[in-house]
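There are 2 protein chains.
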Amino acid sequence: MAKSTAMFGPVPGIRPGHEFASRLELWGAGVHRQTQAGISARQGEGAESIVLSGGYEDDEDLGDTILYTGRGGRSAESQQQIADQTLTGANAELARNVLLGLPVRVTRKVTEGSRSFYRYAGLYRIVRYWAESGRSGHRVWRFQLEALPELAESSAAGPATSQPTPLGLVQAPAAGYGPAPRRAASVLRLVRDTAVTRQVKTLYDYHCQVCQTRLSSPAGPYAEAAHVQPLGAPHHGPDVLANVLCLCPNHHVLFDYGSFAVADSGELLGLPGRLLVAPRHPIGPEFLAYHRTRFYEPQL
Amino acid sequence: MAKSTAMFGPVPGIRPGHEFASRLELWGAGVHRQTQAGISARQGEGAESIVLSGGYEDDEDLGDTILYTGRGGRSAESQQQIADQTLTGANAELARNVLLGLPVRVTRKVTEGSRSFYRYAGLYRIVRYWAESGRSGHRVWRFQLEALPELAESSAAGPATSQPTPLGLVQAPAAGYGPAPRRAASVLRLVRDTAVTRQVKTLYDYHCQVCQTRLSSPAGPYAEAAHVQPLGAPHHGPDVLANVLCLCPNHHVLFDYGSFAVADSGELLGLPGRLLVAPRHPIGPEFLAYHRTRFYEPQL
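These protein sequence lines map, in sequence, to chains V and S.
Take the first sequence: its position 34, counted from the start at 1, is 34 in UniProt numbering, and no numbers get skipped.
Take the second sequence: its position 204, counted from the start at 1, is 204 in UniProt numbering, and no numbers get skipped.
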């Protein structure tokens, strides 16, 4: 990983759809500041850009959604996955984007007949990461990227206060920080509200199942419902009581980001103590196992 | 407030732009289940719909953004604000929508020449609430509404798993809960990431300034930066170090929702103790005062 300061966000003058003849041209434009590696990241700062070149057998490019496979464990000769990946190096930096809400520039390698070139796809948000067993049987880290709506150049160079767009995204002002203008997207913590999530909050009267905290505000108590196996693609967890926990925001963050997990016995892994479980709340062991194997990473 | 179960979300068959000749017709369609009141809310459940009829001198209708004034304190004769509003009754229910992420149906009264009718505007998310001194000098509660993108009817009736849209919003499945299908939007906790918010996290090494908690995950430490005077319209707080705090998610929620505030001395109001303040972090008393007067509501 390079030592210079990371540059996040759009590169002035480069719009989605812009084509580059080669990796060197892409590098020269500042879109992807690595000439060979697929991930351009700065240690401790996050990942600023990736290039999708079809090299990883587990990548899935669905357009606005990309399931991106982390780095490492591949054979240099066969390009096959021959060992487990770890959440270190560039993979840890991709995960850091999730925590910090940093956008990543995405470029695709395009092959048309005998001609290959690179097309800038725009900014994506990395919404989640997890580990799973790849096609090879080895453990790979997966990163779910979602396309961010394009921000107009005029607003990107805009006034000193942030401009929320109708999408609730914020174009941060280019502040005096580092050598290059850096702009950032927002962290959108998506906390789903459904009948089931309301049910679990009521069941625990808004107490956290980990720490028993109950946050109280002038508009009433506040808790968050955490889906154990996440809703929506690609996890497709069900929206049922057996798949949700009632947590305070702190433990929700820690659960989603894999700081702790729950054993089938209710014992916490990564934290001392046990989960508080109401008699009328039969939590599905299959969901707990899904979370443990994909999201939980014991810390050294 | 009526006693029946609240019905949130879209009314089948009614798309934005649908026109109704009268309040009675609006009531009959199930869009606004009150024949006179501007807010239709159910005690303890939240507000399901509002009608903007131009009755409140402090309302501001900007299209996709609406600054809506709470109920109460008006003279029945003059319609002028003659007393302070309180965060009770329907106003408390509007605030509950913020906490629970519940969408609200919005209908506008339209007057064209001598003809008046009602036009359904669609679903809005209530993103924030605060108190301020209205034009009359009396205290009013203000609710900031943002238009939600329309969800296609087909996906609204869709499969049993939630479908994230490109906007990160989720169409929750219509679960068996209450007599009518109820669909809900997501709570999007917007946590802004800018150079300044990264700076404040570094300054405190990700420790919460209220409780000194430092959340740790496999991808690194996690904290949130809270703008004291919020960024963006209508508050226009600046994105400067003097206007941000480093908080854990729990205290961020409590701060935004007015459970506590900070005195100029650094003493906490609504919570015991004092704010931890680093020597290189001169917090602006004008921002603390802005937050105290608008967001803080001492709990009984």
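From the three backbone atoms N, C-alpha and C, an ideal C-beta is built for every residue, glycine too.
Residue i in three-state terms, based on DSSP
i	result
F260/S	coil
G134/S	coil
T35/V	coil
Y206/S	coil
Y222/S	strand
A174/S	Any answer about A174/S is weak, because its pLDDT of 31 lies below 50 and its placement is not dependable; what the coordinates show is given next. Note: A174/S maps to coil in three-state DSSP.
P298/V	coil
Whole-angstrom C-beta distance between residue j and residue i, which should lie under 8 angstroms
i	j	result
F8/V	P149/V	About 16 angstroms; that fails the 8 angstroms criterion.
Y120/V	V31/V	6 angstroms
L247/V	V210/V	6 angstroms
L52/V	E60/V	Actually they do not touch by this definition, with Cβ atoms about 10 angstroms apart.
residue 301/V	A219/S	Given that chain V is displayed from residue 1 to residue 300, the structure contains no residue 301/V and the question cannot be resolved.
residue 324/S	Y222/S	The structure shown has nothing for residue 324/S, since chain S only spans 1 to 300.
L40/S	R33/S	Position check: residue 40/S holds Ser in this sequence, whereas Leu was assumed. That pair is a contact at about 5 angstroms.
S216/V	G258/S	Going by Cβ atoms, the distance from S216/V to G258/S rounds to 11 angstroms, so no, they are not a contact pair.
D264/V	E146/V	Actually they are not in contact, since the Cβ atoms of D264/V and E146/V sit about 32 angstroms apart, beyond 8 angstroms.
T276/V	Q212/V	Per the sequence presented here, residue 276/V reads as Leu, with Thr not at that position. L276/V to Q212/V, Cβ: 6 angstroms. Contact.
F260/S	Y118/S	At roughly 41 angstroms, the Cβ-Cβ gap does not stay under 8 angstroms, so F260/S and Y118/S are not in contact.
A131/V	R294/V	6 angstroms
Contacts that residue i makes with chain C (C-beta to C-beta distance below 7 angstroms)
i	result
E297/V	This model lacks chain C altogether, as its protein chains are V and S.
Contact residues within the segment 252-271 of chain S, judged by C-beta distance below 7 angstroms to chain V: V253, L254, Y257, G258 and S259
The segment 71-85 of chain V in contact with the segment 121-129 of chain V per 3-pair CB rule at 8 angstroms: no
Residues, ordered as in the chain, of the segment 220-234 of chain V that lie near chain S by beta-carbon distance below 9 angstroms: G220, P221, Y222, E224, L231, G232 and A233
Within the segment 224-278 of chain S, ranges of the beta strand (DSSP E) (whole runs, at least 3 residues): 224-227 and 244-247
Contacting positions in the segment 68-102 of chain V - beta carbon closer than 8 angstroms to chain S: L87, A92, A95, R96, V98, L99, L100, G101 and L102
The segment 40-51 of chain V in contact with the segment 85-94 of chain V per 3-pair CB rule at 8 angstroms: yes
Unbroken stretches of the beta strand (DSSP E), 3 residues or longer, contained in the UniProt domain "YDG" (9-147) of chain S: With a minimum length of 3 residues, the continuous beta strand (DSSP E) runs that stay inside the UniProt domain "YDG" (9-147) of chain S are 39-42, 46-52, 65-69, 103-112, 115-133 and 139-147.
Sufficient close CB pairs (3 or more, under 8 angstroms) joining the segment 253-267 of chain S to the segment 252-268 of chain V: no
Touch test, the segment 266-284 of chain V against the segment 227-244 of chain V, Cβ-Cβ under 8 angstroms, three pairs minimum: yes
Near-chain V residues of the segment 237-253 of chain S (beta-carbon distance less than 7 angstroms), N- to C-terminal order: P238, D239, C248, P249, N250 and V253
At least three beta-carbon pairs within less than 8 angstroms, the segment 21-39 of chain V to the segment 105-120 of chain V: yes
Touching by the beta-carbon criterion (3+ pairs, under 8 angstroms), the segment 135-143 of chain V and the segment 78-85 of chain V: yes
Three CB pairs or more closer than 8 angstroms across the segment 214-229 of chain S and the segment 221-232 of chain V: no
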